[in-house]
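Under this note's numbering, the first residue of the sequence shown is numbered 6, with each subsequent residue one higher. Cβ coordinates follow ideal geometry from the N, Cα and C atoms, glycine included.
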Amino acid sequence: MDKELILEDFLPYRLSILSNTVSSRIAQAYEKRFGLSIPEWRVIAILGRFPGLSAVEVAERTLMDKVAVSRAVTKLVKSGRIDREFADADRRRSILNLSEEGRRVHNEIAPLALRFERDLLEGLSPEETETLNTIMDRLLKRARVLGNP
């Protein structure tokens with residue numbers, strides 16, 4: 006017989022709790038300062054790193070729900086934080102880039118996020134941080150090849 010599921014010891018649950026806790030702590034800074042939601046910040050962050058993506062590509066790179074990306078993009082376009090241009094070859098495909106205001110917001114939030122990451126990892130040695138990164142990479146690769154349970 007398989008062992009009993011103890012939720013608080015179940016790795017996917019623990020990773021979800023950790024992710025949600027970290028995201029919500031960082032979000033407190035940019036929600037208060039800029040009125041951004043977590044999905045809106047993720048769109049800004051990914052476009053800051055990879056300009057010129059479509060909404061579908063943003064969803065693929067962030068593993069966000071397409072509807073959440075669409076809502077975030079709509080709000081960010083309305084607030085003037087991202088620019089949307091339609092592709093010449095396919096008018097259904099729009100290209101997203103940070104506007105000047107979007108770059109300003111990105112450039113103010115990115116150091117806050119990096120500082121939070123530094124503070125979070127402060128409890129680990131450099132070797133432990135490297136090991137953690139290696140393990141996370143391996144788990145992600147493994148999760149991508151596994152089928153449904």
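One alpha carbon belongs to F55, the other to L126, and they sit about 25 Å apart. When only Cα atoms are considered, E113 and T67 end up about 21 Å apart.
For H111, the closest alpha carbon among the candidates F15, E36, F91, R147 is that of E36.
For L129, there is no enclosing alpha helix (DSSP H), since its DSSP letter is neither H nor E. DSSP links N102 through a beta bridge to D88.
For L41, the three-state secondary structure derived from DSSP is coil. Leaving aside the five residues that flank L12 on each side, the residues in its chain whose CB is nearer than 7 Å to its CB run, in chain order, Y18. Scanning L101, L23, T139, T26 for the CA closest to the CA of V48 turns up L101. DSSP places R66 in the uninterrupted alpha helix (DSSP H) bounded by 60-67.
If you look at K83, you'll find it in the alpha helix (DSSP H) that goes 71-83. In terms of Cβ geometry, S59 and R98 form a close pair [threshold 8 Å].
A direct Cα-Cα distance of roughly 10 Å separates G40 from A32. When secondary structure is reduced to three states using DSSP, L145 falls in the helix class.
In the three-state reduction of the DSSP assignment, P116 falls in the helix class, which pools H, G and I.
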